[in-house]
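Student: Each residue of the sequence shown is one higher than the one before, starting from -1 at the first, in the working numbering.
Glycine residues also receive a C-beta, built at the ideal position from the N, C-alpha and C atoms.
Below you will find the structure I want to go over with you.
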Amino acid sequence: MQLIDGKKISIEIKAEIAQEVKNIKNNGGKIPHLAAILVGHDGGSETYVANKVKSCEEVGFKSTLICFEDNVTEKELLSKVNELNNNNGIDGFIVQLPLPKHINKQAVIEAINPCKDVDGFHPVNIGRTVLGMPSFVSATPFGIIELLKRYKIQTSGKHCVVLGRSNIVGRPISILLSQKGSYGDATVTVLHSRSKYLEQICSTADIIIAALGQPEFVKANMVKEGAVVIDVGTTRVKSKLTKSGFKITGDVKFDEVAPKCSFITPVPGGVGPMTIVSLLKNTLLASKKEIYS
Ligand code: GUN
């Protein structure tokens, strides 16, 4: 069994991006610039956005953080999105989710210019992904494919089972894995809360992507000997073993599943660290106009 070390890979990729930024600077090019809009004071969102800004600094990007109070109106938010769409200095931007209930999240996402949608949440980017066209792919699926590439885990002809059908993980990763080409060409089954024979189907998988958000859902009897298991789950579960009283728990019962696997991602330290790196990669692609020329 080999552990897929997302932390190590994310550090390597950050170093590669930092080198590319140095080269851009030396050649007098434009430094990539990411902006983030944060609404309110949700603790999780504040931490996520702070980490995104810190990661930009680490690789030499410019970053701009725009904060609004909880009571910001949808109109004010849309006006800021429009301003960022028209600001040539900003290569890409994100609106951190969740947003307060009085704001129509979908309207805000759809107001972002797809060329600057480095989260890959805009329907144009999702549609282009489905069609196999160049697109911004959202952070988690992008990160999973990158981990498969870095560990040379081939997917062609493999049976991949994706557990969960969310718009930002399950659905897009199922599309990427079934696409023509390297790190695609897989036979993909998407399983969800209404699926029958879930355990039996799962136990035939060469690769399992667990993205249900149900702690320790995947047990040893659901995993074939030699399977690759990618755990996307990050649920905060009460724990007597940590100072905070919580521990981040994946969707896989790691201790009993790991011995059966050829490769497995730990939680934390697997897919998680890859997500910010994916955002940085998308920002670099945006600044180089590699998706939309
Ligand atoms: N909230 C949790 N994850 C994400 C993400 O990847 N992007 C944005 N914009 N909000 C989030």
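(1) At least one CB of chain B closer than 7 Å to the CB of Ser77: is that the case?
(2) Look at the alpha carbon of Val159 and the alpha carbon of Val216, and state the distance between them as a whole number of angstroms.
(3) So for Asp253, helix, strand or coil by DSSP?
(4) Over the uninterrupted alpha helix (DSSP H) stretch that includes Lys20, give me the two end residues.
(5) So, do the region 39 to 55 and the region 75 to 89 have three or more beta carbon pairs nearer to each other than 8 Å?
(6) Can Gln104 be considered in contact with ligand 1, in the sense that its beta carbon sits closer than 6 Å to one or more heavy atoms?
(7) Using 6 Å as the cut-off, classify the Cβ of Ala137 as near or not near the heavy atoms of ligand 1, replying yes or no.
(8) Using only the heavy atoms of ligand 2, determine whether one of them is closer than 6 Å to the beta carbon of Asp117.
(9) Do Ile2 and Gly268 come within 7 Å of each other at the CB atom, strictly closer than that value?
(10) Is the closest heavy atom of ligand 1 to the C-beta of Ile11 under 6 Å?
(11) Just curious, the alpha helix (DSSP H) that Arg295 is in, first and last residue?
(12) Would you mind reading off the limits of the beta strand (DSSP E) that contains Phe215?
(13) Ordered along the chain, which non-local residues of its own chain (more than five positions away) have a Cβ less than 6 Å from that of Lys156?
(14) Return the chain-ordered list of same chain residues with a C-beta closer than 6 Å to the C-beta of His190, the five sequence neighbours on each side being excluded.
(15) Which runs of the beta strand (DSSP E), 3 residues or longer, sit entirely within the region 126 to 178?
(16) Of all the options Thr202, Ala284, Ile289, which has the alpha carbon lying nearest to the alpha carbon of Lys28?
(17) Whole angstroms are fine: how far does the CA of Ile35 sit from the CA of Ala225?
(18) With DSSP collapsed to three states, give me the class of Thr273.
(19) For Asn24, count neighbouring C-beta atoms within 10 Å of its own C-beta (all shown protein chains included) and say buried if the count is 16 or more, exposed if not.
Tutor: Quick look at the numbers:
(1) The structure shown contains no chain B; it is built from a single protein chain.
(2) 12 Å
(3) helix
(4) 4 to 24
(5) no
(6) no
(7) yes
(8) In terms of ligand content, the structure shown lacks ligand 2 and carries ligand 1 instead.
(9) yes
(10) no
(11) In the structure as shown, the chain starts at -1 and stops at 291, and residue 295 therefore has no counterpart that could be examined.
(12) Run containing Phe215: none; DSSP gives neither H nor E here.
(13) Ala184, Asp204, Ile205
(14) Arg163
(15) 157 to 161
(16) Ala284
(17) 40 Å
(18) helix
(19) exposed
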